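Residue numbers (the numbering used here): 83 to 290.
Heads up, the beta-carbon is just placed ideally off N, CA and C, and yes, glycines get one too.
The structure presented is a predicted model; accordingly, all values stated were derived computationally and were not measured.
Report on one structure; see the data block that follows.
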Amino acid sequence: MLTEILRGAMISASLIIAIGAQNLFVLKQGLLKNHIFFVAAICFFCDFSLMTIGIWGVGSFIERNPLITNTLAIFGALFLLWYGFNAFKSAVQGNSSMQVDSAQPQKNSLAKVVLSTLAVTLLNPHVYLDTVVIVGGVAGTLSTDQKWAFLIGAVCVSFIWFFGIGYGARLLTPLFKQKRMWVILDTVVGLVMFYIAYRLIFYVISGQ
83 MLTEILRGAM
93 ISASLIIAIG
103 AQNLFVLKQG
113 LLKNHIFFVA
123 AICFFCDFSL
133 MTIGIWGVGS
143 FIERNPLITN
153 TLAIFGALFL
163 LWYGFNAFKS
173 AVQGNSSMQV
183 DSAQPQKNSL
193 AKVVLSTLAV
203 TLLNPHVYLD
213 TVVIVGGVAG
223 TLSTDQKWAF
233 LIGAVCVSFI
243 WFFGIGYGAR
253 LLTPLFKQKR
263 MWVILDTVVG
273 LVMFYIAYRL
283 IFYVISGQ
């Protein structure tokens, strides 16, 4: 059982710990102190739900249906293009730096943050690829007990990672009091969003 817990943890870590749309979003909300608990909790709950679905067989079903995957890719690309555009806009205007400079940063409403977190998580097809298809595919050959152990390992890493970068981001606050650091972060966010959108569009066009 311990072997499967560690296996699930390692696979989950290899997929989650990477520069991507969701991680950059969580990092930015952590820096701005925007309802960090809810952001991290939503990301974790989505991971938990999608990994559970994938491990218990739905991943292979989605993988075999091009219509579903292409639809996810198209909507995901449109959302990422919109999000990337806003990130570049923020980099040019320098709005984020002014929020973190004050003792009490201006927060977005909880409803807006929750909707944004759900959007950046569930409208990104890579989330389904990682959690449902890949994690589900790896666990497909395991027994029932092994699947539960595998799931425990996978979701533990997800919990530690999202709450870690969410609350750990405040350690970078002194660095991000500099306007140019926010410009760099927003630019990186925009570039990553545009790149992922490009890959999704290419996926649909090429049929691969």
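Put simply, the backbone Cα of asparagine 190 is about 28 Å away from that of alanine 155. Going by DSSP, arginine 89 is part of the alpha helix (DSSP H) stretching over 84-98.
Between the alpha carbons of phenylalanine 127 and phenylalanine 119 lies a gap of roughly 12 Å. Counting C-beta atoms within 10 angstroms of its own C-beta, lysine 171 has fewer than 16 neighbours from the protein chains shown and is therefore classed as exposed. In this structure, the CA atom of alanine 193 is about 29 Å from the CA atom of serine 94.
The beta-carbon separation of asparagine 206 and glutamine 104, rounded to 7 Å, stays under the 8 Å limit for a contact. Ranking Phe107, Leu88 and Trp230 by CA distance to the CA of isoleucine 247 puts Phe107 first. In the DSSP assignment, aspartate 129 falls within the alpha helix (DSSP H) that extends over 118-135. Contact between the region 83-97 and the region 203-219 is established, with three or more Cβ pairs separated by less than 8 Å. Straight through space, the alpha carbons of threonine 199 and alanine 123 are spaced by roughly 10 Å. For the pair of segments examined, the region 253-263 was found not to touch the region 156-164: the number of CB pairs separated by less than 8 Å stays below three. One Cα belongs to methionine 275, the other to glycine 166, and the distance between them is close to 5 Å. Taking C-beta atoms as the reference points, glycine 235 and glutamate 86 count as a pair closer than 9 Å.
Spatial neighbours of tyrosine 277 in its own chain (CB-CB distance under 8 Å, excluding positions within 5 residues in sequence) are not present. The Cβ atoms of leucine 233 and threonine 134 sit closer than 9 Å to each other. Within the region 240-289, the complete alpha helix (DSSP H) segments at least 4 residues long are 261-288, listed from N- to C-terminus.
Apart from the 5 residues on each side of it in sequence, phenylalanine 241 sits with its Cβ closer than 6 Å to the Cβ of Phe126 in its chain, given in chain order. By the Cβ-count criterion, valine 174 is exposed, with fewer than 16 other Cβ atoms from all chains shown falling within 10 Å of its own Cβ.
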